[in-house]
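*Asks:* Please find one structure pasted underneath; my questions will follow.
In our numbering, the protein residues as written are 394 to 875.
This is how it looks when you write it as structure tokens:
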């Protein structure tokens with residue numbers, strides 16, 4: 394039995410400089426958008442695990458898990474839109490609006506896993522899982538009146554929805570040794586029942602079945618070397634706030650809304666990995682090819698009749714990624730370890746977006762360096778540095794981005810009580826630009842977050858009996874910040 398109750402708070406200020414060119418263009422539109430996002434609420438995560446062993450070694454067993462999570466909170470988003478000239482000097486009256494989003498979620502899960510050894514080298518695993526996600530979101534929009542010096546209700550932003558997503562799944566896998574190789578083959582079936590109902594009683598339903606196979610092969614070689622090959626399929630479902638068809642943000646120039654017809658993404662991954670184990674760590678080289686069907690991406694479209702830019706979200710037909718990653722994890726001392734990885738890749742996006750054919754190709758690279766320090770026995774410091782090269786998107790290009798994050802953790806009372814402090818973008822370098830091309834307009838965005846940002850969390854473990862195989866708590870998010 395384990396349980397967690399707490400308060401979550403988050404605040405983000407993000408100024409954006411944008412230049413918009415309409416085609417044909419009389420003059421460019423320059424503006425500064427100051428966006429602030431505040432999330433605050435209470436959460437509950439509880440789980441109960443029961444285990445029945447049928448042999449002395451505990452290999453033949455039945456596990457049952459009951460999991461419940463709840464989130465009750467508010468998401469406030471404010472926008473201050475300032476028209477400027479080409480030198481970013483204010484030229485007119487600013488436009489201010491804000492949205493207040495009240496969210497309530499219940500998440501129920503029941504898992505049953507059965508493990509049966511077939512022989513000394515082979516095992517059968519089967520299981521069932523049901524998940525019921527219930528959510529209720531209400532949006533209230535307000536515009537600031539310069540005349541009255543007060544906030545006025547914006548009926549265009551007053552909306553809400555009820556949402557449920559029920560997932561029923563079953564799986565089976567068998568593992569063993571074949572021709573000197575370790576092998577595991579699995580098959581998972583999922584049925585999804587999804588319904589979003591707006592306050593205007595518009596209903597958007599989705600019923601679908603997904604088949605998710607997987608194959609893993611590995612063979613140990615001499616000299617602590619190992620080669621691995623795998624095929625997996627992963628399903629990525631859109632969050633409920635991305636399904637809301639009503640406007641989430643509306644200004645003089647921009648309207649943003651979700652898409653209730655979004656489908657889940659399905660990614661097929663083929664990977665080949667070589668690993669060299671050493672006394673103090675490992676070095677690995679991995680090649681991969683991934684194809685994502687119904688890939689989800691943001692859309693930017695200029696609506697000429699309303700003279701407004703519409704920001705939405707849609708499924709592309711296919712998204713391809715291929716490349717190689719070199720990674721190493723080394724424990725250089727009892728108090729110091731380092732993990733580094735370099736990923737060199739190519740991407741291709743092919744499909745249809747905003748009633749136009751889309752096909753883009755690009756190559757790039759990512760770099761990550763994690764340095765971990767342990768001192769005073771129960772205190773850990775992690776320094777994370779990263780670099781992401783420029784890359785193409787479905788409708789434009791995003792510039793390079795790099796930064797440094799810090800995380801400090803201290804444990805007390807035999808590691809039952811934790812205090813963590815996280816600092817994001819400590820060098821204030823996580824600025825990036827995005828260029829978007831849409832029918833009838835071109836837009837340049839510059840994102841400059843208010844950095845560094847800090848987050849403090851406190852946790853207490855009631856029971857550390859079982860490590861969860863996946864993230865089982867509620868995902869906190871929402872709103873409409875692009």
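Idealized CB from N, CA, C, for every residue including glycine.
Which residues in the same chain have their Cβ closer than 6 Å to the Cβ of residue 712, if we skip the five residues on either side of it in sequence?
*Replies:* Apart from sequence neighbours up to five positions away, the residues of its chain that approach residue 712 with a beta-carbon distance below 6 Å are 685, 688 and 742, ordered along the chain.
*Asks:* Given a cut-off of 8 Å on the beta-carbon distance, is the pair residue 528 and residue 498 in contact?
*Replies:* yes
*Asks:* Taking its Cβ as the centre, do 16 or more other Cβ atoms sit within 10 Å of residue 657, making it buried, or is it exposed?
*Replies:* buried
*Asks:* Measuring CB to CB, does residue 582 end up less than 8 Å from residue 562?
*Replies:* Yes. Within cutoff.
*Asks:* Could you give the DSSP three-state label for residue 871: helix, strand or coil?
*Replies:* At residue 871 the pLDDT is 47, less than 50, meaning the model places this residue with poor confidence; the figure from the coordinates comes in the next sentence. Three-state DSSP puts residue 871 in coil, outside helix and strand.
*Asks:* Runs of 4 residues minimum, wholly inside the segment 689–769: which ones carry the alpha helix (DSSP H) assignment?
*Replies:* none
*Asks:* Can you tell me whether residue 587 is buried or exposed, with buried defined as 16 or more other CB within 10 angstroms of its CB?
*Replies:* buried
*Asks:* For the beta strand (DSSP E) that contains residue 438, what are its first and last residues?
*Replies:* 422–446
*Asks:* Can you pull the DSSP bridge partners for residue 413?
*Replies:* 422 and 836
*Asks:* Using C-beta distances below 6 Å, list every residue in its chain close to residue 876, excluding the 5 sequence neighbours before and after it, in chain order.
*Replies:* This structure leaves residue 876 out entirely; the chain is present only between 394 and 875.
*Asks:* Spell out whether any CB of chain D is found under 8 Å from the CB atom of residue 678.
*Replies:* You won't find chain D in this structure, because it holds only one protein chain.
*Asks:* Out of 784, 511, 660 and 613, point me to the one whose CA is closest to residue 825's CA.
*Replies:* 784
*Asks:* So residue 693 and residue 836 are in contact, right, with Cβ under 8 Å, and what is the actual spacing, rounded?
*Replies:* 7 Å
*Asks:* Is it right to say residue 538 is buried, meaning 16 or more other beta carbons lie within 10 angstroms of its own, or is it exposed?
*Replies:* exposed
*Asks:* Within 8 Å, do at least three Cβ pairs link the segment 602–609 to the segment 621–630?
*Replies:* yes
*Asks:* Could you tell me the distance, in whole angstroms, from the CA atom of residue 823 to the CA atom of residue 727?
*Replies:* The straight-line gap separating the alpha-carbon atoms of residue 823 and residue 727 is approximately 32 Å.
*Asks:* Can you list, in chain order, the residues of its chain with a C-beta nearer than 8 Å to that of residue 446? Leave out the 5 residues immediately preceding and following it.
*Replies:* Cβ contact annotation for residue 446 (same chain, cutoff 8 Å, sequence separation greater than five): 453 and 454, in chain order.
*Asks:* Using the DSSP secondary-structure output, state which residues sit across from residue 664 in a beta bridge.
*Replies:* 623 and 681
*Asks:* Suppose you measure from the CA of residue 813 to the CA of residue 807; what does that come to, to the nearest Å?
*Replies:* So the two alpha carbons sit approximately 16 Å from each other.
*Asks:* Counting beta carbon pairs with one atom in the segment 783–798 and one in the segment 658–676, are three or more of them shorter than 8 Å?
*Replies:* no
*Asks:* Using the C-alpha atoms, what's the distance from residue 811 back to residue 849?
*Replies:* 11 Å
*Asks:* Three-state secondary structure (DSSP) at residue 548?
*Replies:* helix
*Asks:* When you compare only the Cα positions, how much space is there between residue 473 and residue 639?
*Replies:* 21 Å
*Asks:* Here's a check: name, in chain order, each residue in its chain whose Cβ is nearer than 6 Å to the Cβ of residue 678, leaving out the five neighbours to either side.
*Replies:* 667 and 719
*Asks:* Assuming residue 722 contacts residue 674 (C-beta within less than 8 Å), just tell me the rounded distance between them.
*Replies:* 5 Å
*Asks:* Taking residue 734 as the reference, which of 708, 725, 753 and 763 has the closest Cα?
*Replies:* 763
*Asks:* So, using beta-carbon positions, are residue 589 and residue 653 closer together than 8 Å?
*Replies:* yes
*Asks:* Have a look at residue 714 and residue 548 and give me their C-alpha separation to the nearest angstrom.
*Replies:* 43 Å
*Asks:* Note down the Cα distance separating residue 543 from residue 534, rounded to an integer number of angstroms.
*Replies:* If you draw a straight line from the Cα of residue 543 to the Cα of residue 534, it comes to about 13 Å.
*Asks:* Looking only at its chain, what residues have a beta carbon closer than 6 Å to the beta carbon of residue 524, apart from the 5 residues adjacent to it on each side?
*Replies:* 502 and 560
*Asks:* Distance check for residue 820 and residue 522, CA to CA, integer angstroms please.
*Replies:* 44 Å
*Asks:* May I have the straight-line CA-CA distance separating residue 595 from residue 648, to the nearest angstrom?
*Replies:* Put simply, the backbone Cα of residue 595 is about 20 Å away from that of residue 648.
*Asks:* Flag this pair as yes or no: are the beta carbons of residue 400 and residue 432 separated by less than 8 Å?
*Replies:* The Cβ atoms of residue 400 and residue 432 do not sit closer than 8 Å to each other.
*Asks:* Indicate the three-state DSSP secondary structure (helix, strand or coil) for residue 535 in the structure shown.
*Replies:* strand
*Asks:* At what residues does the beta strand (DSSP E) containing residue 876 begin and finish?
*Replies:* Beyond the ends of the chain as shown, which are 394 and 875, falls residue 876; an answer cannot be given.
*Asks:* Quick test of the definition: if touching needs 3 or more C-beta pairs under 8 Å, does the segment 477–487 touch the segment 458–466?
*Replies:* No, because fewer than three Cβ pairs between the segment 477–487 and the segment 458–466 fall closer than 8 Å, the two stretches do not touch.
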